[in-house]
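In my numbering, the protein residues as written are 256 to 853.
Following: one structure in C-alpha cells, then a few remarks.
This is the structure:
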C-alpha cells in the first residue's frame with residue numbers, strides 16, 4: 256500500500272541495537288526505529304509523504320525550523336548576550352558535586368517532522384546529549400528521571416519484563432515496540448476519537464489477559480515480517496515503594512555495604528565491592544564517584560583512617576594477599592598496597608588505642624604468626640608474640656578492661672590473651688574445638704566482663720580475664736549456624752543471638768533460651784544487631800536462599816515493611832525519629848537505598 260508508513264523500511268537491513276543500555280528502567284513502553292541505510296530511508300519517507308499528501312506541510316515546517324534554528328545560532332554567536340542560548344539553558348543538580356545540563360527546545364514536533372510519523376505525538380520540549388545519543392523529552396520531570404536512572408545505571412535492558420519479551424523476538428529488526436499492557440492501553444484510549452473509544456474499551460478487556468506484549472517489523476528482501484508476541488507470564492517486580500535510588504554495578508553485590516563519611520561535605524557515602532572484585536565509592540545521591548578493580552575479595556571490615564592526620568580520610572581494608580589503603584579519589588595512598596608475608600585469611604583488625612591516630616593493624620597469617628603493622632605499611636618494632644600452636648581461626652581483637660589492654664585471638668584449640676607487646680597477659684589452660692572462622696566477643700554476665708565464642712557442636716564458651724572457663728550447649732543449634740552477642744534488653748548484661756537454617760534463637764548469659772522461632776526462610780545468614788534506642792534493639796538477617804531481608808524485634812516479630820527483597824546483608828543509617836535508611840544489594844547486580852519508616 257502506497258500510503259503505508261511501512262514502505263519506508265524498504266531496502267533497510269534489520270540491525271541490532273544497544274539503545275536499551277541507556278534507556279531508563281522505569282518505562283511503561285519502549286519503541287525503537289532502527290535504520291541501516293539513512294539515504295534510502297529519507298528517500299522512502301519523502302515518497303510516503305508525497306503519497307499521503309503531507310509533503311508540502313512537512314516542507315513548510317522544515318523551512319520554519321531551518322530559519323528559526325539558524326537565526327538563533329547566528330544571533331547567539333554574533334551577540335553573545337545570552338538571549339538566544341542562555342534563555343534555553345536548564346540545569347538539574349544531582350548532588351553537590353555534579354550538575355547536569357539540558358536545553359528547552361523551541362520546536363515540539365521536530366522529531367516527527369524529520370524522522371517520520373512513527374514519532375508523532377511525542378512532544379520535543381527539552382533536549383540534551385548523553386552517551387553519544389541525542390535525547391528529546393516531553394517534560395523536565397522526564398529529563399530528571401532519565402538522569403537519575405542514568406546515574407544509577409538503571410537501564411531497561413535489565414528490567415525483567417523487558418528481558419523476557421526480548422528473548423522471544425529476533426535480535427535484529429527495523430522497528431520494535433515493547434509495552435506493559437495495563438499501563439499503556441489507557442494512553443492509547445486517550446488518543447482516540449470519541450466514536451472509537453467504546454469498541455477499543457471492549458477490546459482492552461481481552462488484552463488485559465496479557466501483562467506484556469511486543470511488536471516487531473523486520474525487512475527481508477521483498478518481504479516485511481510482522482511479529483506480535485503476547486505474554487501470559489506474570490513477572491514479579493519489586494515495586495520498592497520507599498526506594499530512594501538504585502545503582503547498577505558491574506556484578507552482583509554480596510558484601511554488607513559500608514556507610515562511610517565524606518570528610519569534605521560531611522555527607523554519608525557508600526563503599527561496596529561486587530563479585531567481580533571491583534570496589535566502588537557511591538555518593539549520597541547514588542552516583543558512582545569511582546570504581547577500582549582488585550584481584551581478590553575483601554575479607555575484613557573497611558575502616559576510615561587519617562593517614563596524614565589532616566582530617567582527610569582514607570579507606571583501609573585487606574584481602575587474603577594484600578592490605579589496601581585507598582584515598583577518596585580511588586587511588587592507593589602512602590606505601591600501599593602492602594603484600595602480606597603470609598596469607599591473611601581471617602582479615603586484618605585495626606585499633607587506635609588512645610585516639611591519637613597511631614593506628615595498629617593486626618594481620619593473623621596462615622603461618623600461625625600474628626603480624627603488626629603501622630599505617631606506614633611497615634612492621635611495628637617491639638611486637639614479638641609467640642607462634643600459635645595451630646591454625647589461627649579468628650581475627651585479632653582488642654579489649655580494654657579496668658584500664659588494661661588485652662589482645663585476643665584463637666587457634667583451632669586455644670585462646671590467646673596478650674598485652675600490647677605480644678606477651679601472654681592471661682593464661683588460658685582450657686582446650687576448645689573451634690571452627691575455621693570464629694568470632695570472639697567481650698560480654699557482660701552479671702555485670703562481670705568475659706570473653707565468649709562459639710565452638711563446634713553448639714557449645715558456647717566463656718572465659719573471664721583470670722583465665723577461668725565455663726561453657727553451655729545450645730540445644731537445637733546445628734552445624735553451619737551463626738552467633739552474635741549484644742545487650743538486647745539495655746540492662747547491662749549480654750544476650751546471645753543464634754541463626755541456623757530457618758530458625759532464630761536468643762539465650763541469656765546462662766544459656767537459657769528466651770526465644771526459639773521458626774521463620775519463613777531457608778538459609779539465614781549472620782544475625783546483625785541494630786540498636787534503635789537504649790531499649791530497642793533489632794536483629795537483621797539475610798535469607799540468601801529466599802533472596803529477602805528480615806528485621807526482627809527481640810520478641811521475634813517482623814518489623815513493619817519487612818521482608819524486603821535483597822541479595823546481601825544490609826546496613827542501616829538512622830535519619831531521625833521518623834525512620835532510617837537501609838542499604839543492600841538487590842536485583843542481582845545493583846545496590847539500593849531504602850527509606851524505611853519506623
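For glycine and all other residues, C-beta sits at the position ideal for the given N, C-alpha and C.
- As a beta-bridge residue in DSSP terms, residue 346 pairs with 356.
- Distance between residue 574 and residue 406, taken at the CA atoms: about 29 Å.
- Close CB contacts of residue 691 within its chain, under the 6 Å cut and outside five residues either way in sequence, are with 648 (chain order).
- In the structure shown, residue 826 falls within a strand segment according to DSSP collapsed to helix, strand and coil.
- Residue pairing by DSSP places residue 718 opposite 706 and 724 in a beta bridge.
- Under DSSP, the beta-bridge partners assigned to residue 543 are 537.
- By the Cβ test, the stretch 766-780 is in contact with the stretch 796-807, since at least three Cβ pairs between them sit closer than 8 Å.
- In the DSSP assignment, residue 500 forms a beta bridge with 848.
- Contact holds between the stretch 619-634 and the stretch 598-606, because three or more Cβ pairs, one in each stretch, are under 8 Å apart.
- Under the DSSP assignment, residue 660 falls in the beta strand (DSSP E) whose first and last residues are 659-665.
- At the C-beta level, residue 840 and residue 507 come within 9 Å of one another.
- One thing to note: residue 616 has its Cβ no nearer than 9 Å to the Cβ of residue 637.
- Following the DSSP letters along the chain, one finds residue 444 inside the alpha helix (DSSP H) bounded by residues 436-446.
- When the beta-carbon positions are compared, residue 782 and residue 738 come within less than 9 Å of each other.
- For residue 486, the enclosing beta strand (DSSP E) begins and ends at 478-486.
- Within the same chain, and ignoring the five residues on either side of residue 348 in sequence, the residues whose Cβ sits closer than 8 Å to its Cβ are 354 and 355.
- DSSP, reduced to helix, strand and coil, places residue 377 outside both helices and strands of the structure shown, so it counts as coil.
- The DSSP-derived three-state label of residue 398 is helix.
- Around the beta carbon of residue 818, a 10 Å sphere encloses 16 or more other beta carbons of the protein chains shown; the residue is thus reported as buried.
- For the pair of segments examined, the stretch 286-295 was found not to touch the stretch 394-408: the number of CB pairs separated by less than 8 Å stays below three.
- Annotated three-state conformation of residue 574 is coil, per DSSP.
- Taking all protein chains in view, the Cβ of residue 815 is surrounded by fewer than 16 other Cβ atoms within 10 Å, so the residue is classified as exposed.
- Ranked by Cα distance from residue 430, the options 437, 479, 436 and 395 are led by 479.
- Cβ-Cβ distances below 7 Å link residue 296 to 263, 267 and 290 in the same chain, with the five nearest sequence neighbours on each side left out; the list follows chain order.
- Annotation for residue 305: the continuous alpha helix (DSSP H) segment containing it runs 293-306.
- In this structure, DSSP gives residue 524 an extended state, which the three-state scheme calls strand.
- In the structure shown, the three-state DSSP call for residue 810 is coil.
- By the C-beta density criterion, residue 256 is exposed, having fewer than 16 other C-beta atoms within 10 angstroms.
- Nearest C-alpha to residue 525 among 851, 442, 852 and 836: 836.
- If you draw a straight line from the Cα of residue 345 to the Cα of residue 385, it comes to about 15 Å.
- For residue 264, the three-state secondary structure derived from DSSP is helix.
- For residue 842 and residue 484, the gap between their C-alpha atoms comes out near 25 Å.
- Contact annotation: residue 469 and residue 434 have beta-carbon atoms nearer than 9 Å.
- Within the same chain, 612 come within 8 Å of residue 564 by CB-CB distance, once the 5 residues on both sides are set aside.
- Distance between residue 522 and residue 538, taken at the CA atoms: about 8 Å.
- Scanning its chain for C-beta atoms nearer than 8 Å, with the 5 sequence neighbours on each side dropped, one finds around residue 358 the residues 343, 344, 345, 381, 382 and 383, in chain order.
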